[in-house]
Amino acid sequence: MTLPSKTNSLPLTTEKKAFLLSIGTANVDHGLIPATRKSTAGPSAGSEGSVFIYSGGHRIRLSLDKNSPVRIQKIDSKKADSKKTDSNNVDFNYAGSNHVGSDEIVVLYENEPIVTGKIEKVLAHCPEQAYINLSEKCIFNCKYCTVPLLQGHTKSKSETLQIIQEAFDKGKGNVSAISITSGVEESPEGELARVMQLMPELIKYGVPIGVSIYVTKDGAQHLKDAGAVEVKFNVEAASPEIFERVCPGLSYEDVFEELKNSVAIFGKGRVYSNLIVGLGESDSDITKTVEDLAKIGVIACLRPVFENKLRSGECFMERPSKERLLKLYEIQKRICEKYDLHPEKSETMCSKCGGCDLVPFSDD
Ligand code: SF4
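So, in structure tokens, the structure goes:
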């Protein structure tokens, strides 16, 4: 096998990102990335950390898994082209930016090089953002999510502020947002109160703040009044029937209702909702839900399901194929165009990061 000698020789295209997302994992050479914390939020909680690759102006996050068919290796710098002024060299154009590390890497699939790029520095959870999960516990029991099984730690206010300050210190002027998420330790209202206590401290940083917590009555208005600029409330499933099966005890209608209220408060395109792909829904279910959300001014984040072993057998979970992800991406772009929605202009959270999903227009 001959490894590529130039960092920019194999950029991360939309197709390659879809392919890598369909796998979702990578086996990263020992010592190539700094120790990463285990994921603590959402369906992938408990997984062995992750790696962020920046290539061709795009980002992808892959979960670490030593059995993955995707391997990430360092390119031998002696062999790498040192001509850093090459106008096609997207990665070198970002070399001065401190979210991209200096290691030049190649992503291999079954020993064939498919992408070259660089590994990004993670500030708190992801690059360029201080993204904090407040409560690693949940009283609900969504069948695809490991948080309720792990029942982890809830961060105190001072702990959270310390992590945020450390992210800003590490980011050295390159922190574009603060994003907050949380499980549910005791009640959704309790999580809203936890965020509200933090907000006066967070706005002092002068960057956009996004919040994604479970819905509460009037929660969006409180968050807006406190200074949040974007919110995310997750519908999770692409039909009420699947939602009822995988999120027992929760209300699909409540989430939609709060999304509608949130658009009235934050404005069209400032409200987001995760929609998991791979819970047994059809493409037309996804299309309908993306359009139902778009009609009320909400941007969907199409998230490939993470088949966490701790939840195997509890509900249908199948990572979507590259072809399916590309098809849904095109559908989502058409819907965004029709309703004049712009995920590429997001200021916080997942559409801003783009590591886990194809983000319409950003990933073209
Ligand atoms: S897309 Fe969202 S969940 Fe994925 S790494 Fe980025 S911020 Fe985290």
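Quick note on UniProt numbering: the sequence shown kicks off at 1 and runs consecutively.
Beta carbons are placed, not taken as given, at the ideal position from N, Cα and C, and that holds for glycine.
Since this is a predicted model, take the numbers as computed values, not measurements.
Asked                                                                                                                                                                                               : Found
In the DSSP output, what is C145 paired with across the bridge?                                                                                                                                     : Its beta-bridge partners do not exist; DSSP assigns none.
Since E281 contacts A228 with CB under 8 angstroms, what's their CB separation in whole angstroms?                                                                                                  : Between A228 and E281 the Cβ distance is about 30 angstroms, and since that is not below 8 angstroms, they are no contact.
For A130 and V175, which I take to be in contact (beta-carbon distance under 8 angstroms), what is that distance rounded to the nearest angstrom?                                                   : 6 angstroms
Quick check on the DSSP output: the alpha helix (DSSP H) that includes R194 runs from which residue to which?                                                                                       : P188 to L202
Quick check: E120 and Y214, are their CB atoms within less than 8 angstroms of each other?                                                                                                          : no
Which of the three DSSP states is assigned to L275 in this structure?                                                                                                                               : strand
Between the alpha carbons of I242 and L279, how many angstroms are there, rounded?                                                                                                                  : 8 angstroms
Pull up the distance between the alpha-carbon of H125 and that of N27, whole angstroms please.                                                                                                      : 19 angstroms
Would you kindly report the start and end of the unbroken beta strand (DSSP E) that includes S50?                                                                                                   : S50 to S55
I139 and E189 look like a contact to me (Cβ under 8 angstroms); what is the Cβ gap, rounded to whole Å?                                                                                             : Actually they are not in contact, since the Cβ atoms of I139 and E189 sit about 12 angstroms apart, beyond 8 angstroms.
With a cut-off of 8 angstroms, do at least 3 Cβ pairs link the region 293-305 to the region 266-280?                                                                                                : yes
Would you say the beta carbon of Y131 is closer than 7 angstroms to some non-hydrogen atom of ligand 1?                                                                                             : yes
Please go through the same chain and pick out, in chain order, the residues whose beta-carbon is closer than 7 angstroms to the beta-carbon of L250, but skip the five residues on each side of it. : F140
Compute the minimum distance between the beta carbon of D65 and the heavy atoms of ligand 1, and state whether it is under 7 angstroms.                                                             : no
Taking DSSP as the reference, what is the three-state secondary structure of E337?                                                                                                                  : helix
Answer yes or no: the CB of R319 versus the heavy atoms of ligand 1, is any distance below 7 angstroms?                                                                                             : no
Taking I75 and E104 to be in contact with their CB atoms under 8 angstroms, please state how far apart those CB atoms are, rounded to whole angstroms.                                              : 4 angstroms
Check whether the Cβ of E355 lies closer than 7 angstroms to any heavy atom of ligand 1, and answer yes or no.                                                                                      : It is Gly, not Glu, that sits at residue 355 in the sequence shown. For ligand 1, at least one heavy atom lies less than 7 angstroms from the Cβ of G355.
Does the beta carbon of C350 fall short of 7 angstroms from some heavy atom of ligand 1?                                                                                                            : yes
Inspect the beta-carbon positions of P304 and L326 and report whether they are closer than 8 angstroms.                                                                                             : no
Count the other CB atoms, across all protein chains shown, that sit within 10 Å of the CB of P320; report buried if there are 16 or more and exposed otherwise.                                     : buried
With a threshold of 16 other CB atoms inside 10 Å of the CB of H99, please say whether the residue is buried or exposed.                                                                            : buried
Going straight from the alpha carbon of N89 to that of A193, what length do you get?                                                                                                                : Summary for N89: the model assigns pLDDT 31, below 50, so the residue's position carries little reliability; its value from the coordinates is reported in the next sentence. Near 47 angstroms, if we compare the C-alpha coordinates of A193 and N89.
Please indicate yes or no: does the CB of C247 lie closer than 7 angstroms to some heavy atom of ligand 1?                                                                                          : no
In chain order, what residues of the same chain have a beta carbon less than 7 angstroms from the beta carbon of K339, not counting five sequence neighbours either side?                           : Here residue 339 turns out to be Tyr, not Lys, going by the sequence shown. Result list for Y339: A294 and K295, in chain order.
Ligand 1 and R61: does the residue's C-beta get closer than 7 angstroms to at least one heavy atom of that ligand?                                                                                  : yes
Tell me whether the beta-carbon of L123 lies closer than 8 angstroms to the beta-carbon of G171.                                                                                                    : yes
Since L134 and S182 should fall inside the 8 angstroms C-beta cutoff, what is the C-beta to C-beta distance between them, to a whole number of angstroms?                                           : 4 angstroms
Counting C-beta neighbours from all protein chains within 10 Å, is the total for H30 16 or more, i.e. buried, or is it exposed?                                                                     : exposed
Answer yes or no: the CB of C142 versus the heavy atoms of ligand 1, is any distance below 7 angstroms?                                                                                             : no
Got a sec: does ligand 1 put a non-hydrogen atom nearer than 7 angstroms to the Cβ of C126?                                                                                                         : yes
What does the Cβ neighbour count give for G152, buried or exposed, with the cut at 16 atoms within 10 Å?                                                                                            : buried
When the Cα atoms are used, what is the spatial distance from G219 to V195?                                                                                                                         : 10 angstroms
Could you compute how far the alpha carbon of N111 sits from the alpha carbon of V70?                                                                                                               : 8 angstroms
Classify L259 as helix, strand or coil using the three-state DSSP reduction.                                                                                                                        : helix
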